[in-house]
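S.K.:
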Amino acid sequence: MTTSEDHEFSDPPPDAEALKLIAALRPEQVQAIDAAVMRAAGRNWRKVAFVVGTAMGTFPELAPGIPDVFYTQRVISLVSQGRLESQGDLSRMRYSEVRIPRQAGEA
-4 MTTSEDHEFS DPPPDAEALK LIAALRPEQV QAIDAAVMRA AGRNWRKVAF VVGTAMGTFP
56 ELAPGIPDVF YTQRVISLVS QGRLESQGDL SRMRYSEVRI PRQAGEA
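In our numbering, the protein residues as written are -4 to 102.
(1) Under three-state DSSP, which class holds S86?
(2) So, is P62 buried or exposed, given that buried needs 16 or more other C-beta atoms within 10 angstroms?
(3) For D6, is the classification buried or exposed, using 16 other Cβ atoms within 10 angstroms of its Cβ as the cut-off for buried?
(4) Given 6 Å as the limit, tell me if V93 has its C-beta closer than that to any heavy atom belonging to the ligand FMN.
(5) If the criterion is Cβ atoms closer than 7 Å, does the pair A36 and V46 meet it?
(6) Cα-Cα, which of Y66, M88 and E80 is closest to I40?
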């Protein structure tokens, strides 16, 4: 069941403990998270929540304790780099979708 609250607010930001874990990530860990997000995305639209959940489950030991909202931030970064396309409100992972951009001439 959804409530009006589900439709009004963005996903919550990371808490203080999560921010410490995020700050401690090494560049190669962030790159691995980005790669996991890209593998979870596809050529068809997929909910950001699905992509994030799949990426988080790929290598749970890669970045233990890193919250889903960080993965969502990585999705947003990949969209801004043009590596993913999006539709919907990316600040609300259940109400947005991403896909790998289609190449010219691709159906």
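Glycine included, each C-beta is placed from N, C-alpha and C at the ideal position.
All figures in this text were calculated on a predicted structure; none of them were measured in a lab.
M.R.: To lay it out plainly:
(1) Counting from one through the sequence shown, the residue named residue 86 turns up at place 91. If DSSP states are grouped into helix, strand and coil, S86 belongs with coil.
(2) Taking the sequence shown and counting its residues from 1, the one referred to as residue 62 is at position 67. Looking at its Cβ environment, which holds 16 or more other Cβ atoms inside 10 Å, P62 is buried.
(3) Locating residue 6 in the sequence shown gives position 11, where the first residue counts as 1. Residue environment for D6: buried (at least 16 other C-beta atoms within 10 angstroms of its C-beta).
(4) Ligands displayed in this structure: none; no statement on the ligand FMN is therefore possible.
(5) One-based indexing of the sequence shown puts residue 36 at position 41. One-based indexing of the sequence shown puts residue 46 at position 51. Between A36 and V46, the gap from beta carbon to beta carbon is short of 7 Å.
(6) Counting from 1 along the sequence shown, the entry for residue 40 is found at position 45. Going by the sequence as given, residue 40 is Trp instead of Ile. Minimum Cα distance to W40 is reached at E80.
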